[in-house]
Each structure stands twice: as C-alpha cells, then as structure tokens.
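Protein sequence lines correspond, in order, to chains A and B.
The number in my numbering is simply the position in the first sequence, starting from 1, with 836 added.
The number in my numbering is simply the position in the second sequence, starting from 1, with 307 added.
Beta carbons are placed, not taken as given, at the ideal position from N, Cα and C, and that holds for glycine.
Since this is a predicted model, take the numbers as computed values, not measurements.
Here is the structure we will look at, set down as structure tokens.
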Amino acid sequence: MSAVRPKPPSMIGDALAQVGACGLFLLQILAAVPRSLRHIRETVRQVWFTGAMSLVIIMTCGLFVGMVLGLQLYYVLSIFGGTAALGTVVSLSMYRELGPVVTALLFAGRAGTSITAEIGLMRATDQIAAMEMMAVDPIAYVAAPRFLAGVIAMPLLACVFNALGIFGAHLVGVSWLGLDNGTFWSNMTSSVDVWKDVVNGVWKSVAFGAVVALIAVFQGYTTAPTSEGVAYATTRTVVFSSIVVLALDFVMTAFLM
Amino acid sequence: MAAAPPLRLRWRFVQPDRIDVSDDRAQARTPHAADALIEVRGLRTVLGGKVIFDGLELDIPRGRITAVMGPSGTGKTTLLRHITGQLRPDAGSIRIDGADVTALPRHALFALREKIGYLFQNSALLTDFSVFENVAFPLRQHLDLPEELVRNLVLTKLQAVGLRGAAELMPSELSGGMARRVALARAIVRDPTLILYDEPFVGLDPIALNQVLKLIRTLNDTLGITSILVAHEFAAVARVADLVYLIAGGKVVARGTPAELTRGDSAWTRQFFGGEADGPVPFQYPARDYAADLGFPAGAASSTPHTEPRP
Ligand SMILES: Nc1ncnc2c1ncn2[C@@H]1O[C@H](COP(=O)(O)OP(=O)(O)O)[C@@H](O)[C@H]1O
Ligand SMILES: [Mg+2]
C-alpha cells in the first residue's frame, strides 16, 4: 500500500501542515496573552524555571566559548600583528552572532525540552483536559506563560552569555597571554556600536526566544498522548529549534546588516 | 466586592454527616416523573473507523443520579466527553437545559463547564500542585475569595472525602484510590449543578467506597445536584442510582431503576448483571478467526464460542 502512494509529496504536505498548524497555534497564543496576564504569577514562575534555572549552563558555556575565541583569534591576529584588536573582534562576534545563536541552541536543549516533556505529559495524563473541564483555558494558563517566559528569558540569558564570553576572552588574552588591559578595553569600546551591534543582537535573541519557545510549546501541546509520543516530541523540539534558529539567523543577519 | 460570593457559597456547604435518610424521598425519586436536564438525540460517533454510537438516545433526569453502565470499550467515557463538549459527535444533538452542547461556541461552553463537576477516569490531578492546591485550583481560577474562605472550602471538601490530613501531600505521593477521592473533592469544590463521575469506585477500599457512595447520595439529596455515574460495580450503583442505562453496541439496550433491571429478563441484563460470558455482549473484541490466528485451518476452533461478535 505504501509502495503505491508516493512518499515525498505526503512528507512535504505533512511538513507544511505542521508549519501551518504551528502558525495558527502562535495566533492562538498571541490572542490568549491578554488573558494570560491574569496568571502573571505562572509567567513569573516559568521565567524562573526556563531562565534562572538555565543560568549555570549558559554561564559555563559562555565562559568557555569566550576563552576558546580568545585563544583562536589571538593566534589568527598575531599573524597580522593585530592582537590589540582582540577585544574588538571577540565582542563583535559575541554580540552579533555567537551570543544569540549559541544561547538559543542551549536554551532549546535545556529549557525547550523540559517545556515539551512537561506539556506532553500533562496532555498524556489528561491534565490539559481537566483544565478545560474546570473552564480554565490551557492556552492562556499553560501555553502562553511558557511562550512569554521564553521571549523574556532568552535576551537576558544572551546578555549573560555575552558578558561571560568577553570575560573569558579577557582571561585568556590579558591575564594569560599578556595583552595590555587598557588596549583590550579601549579598542573594544571605541569600535562596538550600541545600536548596530548590541541592540541588533538583542533583537535576534528575542526572535530566537519566541521561535524556540513556540516550537517547544507546540510540540508538547500536540504530542501523541503516550510515552513514545512525548519522547518523539522532545527530540523534534531540539531538531526543529536548531534548524529554524540557524535559518532565521541567516535571514535576520541579511536584513539587519 | 468579596462579601457577596462568600455568603452565596457558605450556605451551600456540604455537611456529609447530615444525610437525609427519610424514606418519603424514595417516592419522589422515581425517575419517570422528573423532567430531563440532558437530552441526547440521535447521537452518532465514529472514532478511528469504529462506530462507537449509532443513534444513541437517552435522557438524564434533573436532580437524580443516573448510572450509565456497559461493557468496557462501549463508549461510556466518550459519552461523558460528548456531554461536556470535549468531543463533538459526528451527528446528533445533546441538549443541556435546552442548549445544544454540540453547537455551543467555546466561551459559552466554558460558562457551562463552570457549573459542571467532572471526575476523570484517571483522576487527572495537576502534578505541579499539592492536594490542597489541586482542590483550590478551580476556586482560585474563577473566584477572588479571601484566603481564609478558600482554606475553609477546600478543607471541608477534603474532610468529606476523608483526606483532610493529606492536604499537603503531592499527587505523586497518593495511592490510586486517594487520588480518585482528591479528584472527587476537586470536582465538587465549586458546588456544581451537574456532576459526571467516570468510574469513581475504581481502587477504593470498602470503607472509602461506602463514604464515596454516601457523599454522592448526599450531594444529590441536599443540593439537588444532577449526577451521571459511570461504573461497573452494579452492587454499588444499585445503592445510589435512581435510574440505570445499559449501553452496548452503540445503543441503549436497557433502561430502568436498579430494581427493575435486576428483575429484567432481557438477554442483555441477564448477561451483564449476571456476569455470564455468553450472551449478546461479546467478551472478545472483534477479531479474526481464532484458529486461523493460531495457524490452524480456519474454523478448527469453532467450538470456542466467543471468537466472533454476536449480532
Ligand atoms: N481518540 C480515539 N481514537 C480512536 N478510538 C478511540 C479514541 N478514544 C476512544 N476510542 C475507542 O472508543 C471506544 C470507547 O472508548 P471509551 O469511551 O473510553 O470506553 P469506555 O466505555 O470503557 O469508557 C473504545 O473502543 C476505544 O478504542
Ligand atoms: Mg471509560
């Protein structure tokens, strides 16, 4: 039977249907945001769970990314005799690219998966249906707070990531390899533009936060109500988030340049 | 602002030990005299290619306890999901107090559900919250009550199901029967006018079963709540139900008071209440020939009576 039906069209159709359903789900969430302000404490709780609880992994990874970047760029720059620009190059690459993107990928793995698994399990154990029966809209009570939490937490996490990254580069460049501290900072402050570099990076991370949180909530909300279904949904959250974040990064970079 | 709702709620407190045992009510309880709160007409449902209901018709009398019984997999849970608008049927109408649930928009459905208590077959407690917060959840979501009143209301309901002492436990620390009773407390915490119990007796020990039966009867007697009770335990059902529907094969096959049904002589009631495997209700889920499935020539196991569903 499956040999008769051509597979690719149905796969593309399924994918498009998923994208469409996800878009409609976003509209539902946005429509429920005003109502979800009633559950503002739930949103705060979610910012705590997705944001504050991700701090350790974000800070650790930021530090190491900055240290590696410091080492690699010091080597490259020393070929041209331009190691004085280390602070500038590291901070630009952190603010513009690595901060938003790596934070989003880590966020998908750390917070996105737990959102999907939690909502999926709520679906599987009828908790979502129970809320509907108690006349509580699960979109406003479950989906919207987690979505908002992603949008709020991501830029903050990206800022922390950037700060730790620059600290790591400073550690390697200045404390270890002996660059001049004043040169490191003054070159950086003179060539990094707040609006073009820092704020654009923040916009990116807001968009990535929305995308990752939307995918995580959508996958959890529409999961098959079985343990296998929840497992698949969690995997899909990481895979789809990573792909969409990187693709969106390209598009946004092209437009924000 | 907060003064009016407390008053309204206070007089509706359920006092489980103040059970009305007067016998004169038995007369008034005959179901045929009561008008219908819920009218199900021509219900047809197909799920996953399988016909669940095929022209189901039933009335749920107002202020009575109506039991819906039937073999597992007949669609009792599905019926409750239809009545509460969680699932739309393929055809037919369900009227609650005149309003057709199958056609209600979402906000009207939510308004209706605020007056309905629903006990899920698997309890469906919110795993993030303690027992206390689970029972308090509907109050906190819909009413702006002072904390003291919420506490009183919740503890009263937990006392009624015998679990006041378990208020601080988390759902994962409860046994199945305890979770069931917490879910029951949550279903009645807003004093609904209609309660649907999906298999409330599963996992209860005889003492808890007695208490829950008493509670169901009390809620019905003191507050005039209409109740729909899905259960398998006929002995328990017979003690509280005013009217029993037996559904099988997508239709109502028997209807009457518990006494009428035990006296009943249709093949359906004899098999279901007598527990005989042989009868109109097939014990086996529809299947292929048994012998062929085991690798023998088809028909070799024809002496086994239950391989095919009976008409
Ligand atoms: N979502 C679904 N998809 C397909 N079939 C379903 C679904 N839900 C229930 N069913 C089928 O409907 C029938 C009735 O289910 P249910 O109402 O849960 O039975 P019960 O009377 O035991 O409560 C079962 O045979 C079940 O297989
Ligand atoms: Mg059931």
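Nearest chain A C-beta to residue 488 (chain B) closer than 8 Å, yes or no? Counting from one through the second sequence, the residue named residue 488 (chain B) turns up at place 181. For residue 488 (chain B), the answer is no, since every Cβ of chain A falls outside 8 Å of its Cβ.
Residues near ligand 2, criterion Cβ-heavy atom distance below 7 Å: B:379, B:383, B:384, B:428, B:505, B:506 and B:537
Residue 354 (chain B) CB to nearest heavy atom of ligand 1 below 7 Å: Looking up residue 354 (chain B) in the second sequence gives position 47. At least one heavy atom of ligand 1 is nearer than 7 Å to the Cβ of residue 354 (chain B), so yes.
Quick check: the stretch 990-1008 of chain A against the stretch 935-950 of chain A, are at least 3 beta-carbon pairs closer than 8 Å? yes
Report all residues from its chain with a CB closer than 7 Å to the CB of residue 1055 (chain A); omit the five preceding and five following residues, and keep chain order. Within the first sequence, the letter at position 219 stands for residue 1055 (chain A). These residues qualify, in order along the chain: 952, 1069, 1072 and 1073.
What separation, rounded to the nearest whole angstrom, lies between the Cα atoms of residue 333 (chain B) and residue 430 (chain B)? What you label residue 333 (chain B) is simply residue 26 of the second sequence in a count that begins at 1. What you label residue 430 (chain B) is simply residue 123 of the second sequence in a count that begins at 1. Summary for residue 333 (chain B): the model assigns pLDDT 43, below 50, so the residue's position carries little reliability; its value from the coordinates is reported in the next sentence. Residue 430 (chain B) has its alpha-carbon roughly 31 Å from the corresponding atom of residue 333 (chain B).
Should residue 381 (chain B) be counted as a contact of ligand 1 given a C-beta to heavy atom distance under 7 Å? Stepping through the second sequence from its first residue, residue 381 (chain B) is reached at position 74. Yes.
Please classify residue 329 (chain B) as buried or exposed, where buried requires at least 16 other C-beta atoms within 10 Å of its C-beta. Taking the second sequence and counting its residues from 1, the one referred to as residue 329 (chain B) is at position 22. Caution is warranted here: a pLDDT of 40 is assigned to residue 329 (chain B), below 50, making its placement in the model unreliable, and the coordinate value is therefore given only provisionally. That one is exposed.
Write down every uninterrupted run of the beta strand (DSSP E) in the stretch 378-446 of chain B whose length is 3 residues or greater and which is fully enclosed by it, in chain order. 398-403 and 423-426
Along the stretch 951-969 of chain A, where does the CB come closer than 7 Å to a CB of chain B? Name the residues. 961, 962, 963, 965, 966, 968 and 969
Look at the alpha carbon of residue 564 (chain B) and the alpha carbon of residue 546 (chain B), and state the distance between them as a whole number of angstroms. Residue 564 (chain B) sits at position 257 when you count from the first residue of the second sequence. Residue 546 (chain B) sits at position 239 when you count from the first residue of the second sequence. Straight-line Cα distance between these residues: approximately 11 Å.
Residue 947 (chain A) CB to nearest chain B CB: under 8 Å? Here residue 947 (chain A) refers to the residue found at position 111 when the first sequence is read from its first residue. No, its Cβ sits nowhere closer than 8 Å to a Cβ of chain B.
How big is the Cα-Cα spacing for residue 415 (chain B) and residue 502 (chain B)? As a first step, residue 415 (chain B) must be located in the second sequence, where it is residue number 108. As a first step, residue 502 (chain B) must be located in the second sequence, where it is residue number 195. Cα to Cα, residue 415 (chain B) sits roughly 18 Å from residue 502 (chain B).
Give the DSSP bridge partners of residue 365 (chain B), in chain order. One-based indexing of the second sequence puts residue 365 (chain B) at position 58. Bridge partners of residue 365 (chain B): B:347.
Run down chain A in chain order and give the residues with a C-beta less than 9 Å from the C-beta of residue 433 (chain B). Counting from one through the second sequence, the residue named residue 433 (chain B) turns up at place 126. Within 9 Å Cβ-Cβ: 958, 963, 966 and 967.
Any non-hydrogen atom of ligand 1 closer than 7 Å to residue 359 (chain B) Cβ: Residue 359 (chain B) sits at position 52 when you count from the first residue of the second sequence. Yes, since a heavy atom of ligand 1 falls inside the 7 Å radius drawn around the Cβ of residue 359 (chain B).
Taking 8 Å as the CB-CB cut-off, is residue 436 (chain B) touching chain A? Along the second sequence, one-based indexing puts residue 436 (chain B) at 129. Judged by the 8 Å Cβ criterion, residue 436 (chain B) is not in contact with chain A.
Contact criterion: CB-CB distance below 8 Å. Does residue 1010 (chain A) meet it with respect to chain B? Position 174 of the first sequence, counted from the start, is the residue given in the question as residue 1010 (chain A). Answer no: the Cβ-Cβ gap between residue 1010 (chain A) and chain B never drops below 8 Å.
Residue environment, residue 908 (chain A), which counts as buried when at least 16 other CB atoms sit within 10 Å: Translated into positions along the first sequence, residue 908 (chain A) becomes position 72. Label assigned to residue 908 (chain A): exposed.
Under the assumption that residue 900 (chain A) contacts residue 1004 (chain A) (Cβ atoms under 8 Å), give the Cβ distance between them as a whole number of angstroms. The residue you call residue 900 (chain A) lines up with position 64 of the first sequence. The residue you call residue 1004 (chain A) lines up with position 168 of the first sequence. Contact holds; Cβ gap of about 7 Å.
Using a cut-off of 9 Å between C-beta atoms, extract the partners of residue 972 (chain A) located in chain B. Within the first sequence, numbered from 1, the residue matching residue 972 (chain A) stands at position 136. Correct list: 417, 444, 445, 448 and 449.
How far does the alpha helix (DSSP H) with residue 1038 (chain A) in it reach, from first residue to last? Locating residue 1038 (chain A) in the first sequence gives position 202, counting from the first residue. 1036-1057 is the span of the alpha helix (DSSP H), which, as asked, contains residue 1038 (chain A).
Apply the 10 Å Cβ neighbour rule to residue 575 (chain B) and answer buried if 16 or more other Cβ atoms are within range, or exposed otherwise. Residue 575 (chain B) sits at position 268 when you count from the first residue of the second sequence. Buried, by the Cβ-count rule.
Using a C-beta cutoff of 8 Å, does residue 439 (chain B) count as contacting chain A? The sequence position of residue 439 (chain B) within the second sequence is 132, counting from 1. Taking Cβ atoms only, chain A never reaches closer than 8 Å to residue 439 (chain B), which makes this a no.
Anyone know if the C-beta pair for residue 1066 (chain A) and residue 986 (chain A) falls short of 8 Å? The count along the first sequence starts at 1 and reaches residue 1066 (chain A) at position 230. The count along the first sequence starts at 1 and reaches residue 986 (chain A) at position 150. Contact flag unset, no.
Mapping DSSP to helix, strand and coil, what is residue 986 (chain A)? Translated into positions along the first sequence, residue 986 (chain A) becomes position 150. Residue 986 (chain A): helix per DSSP, three-state reduction.
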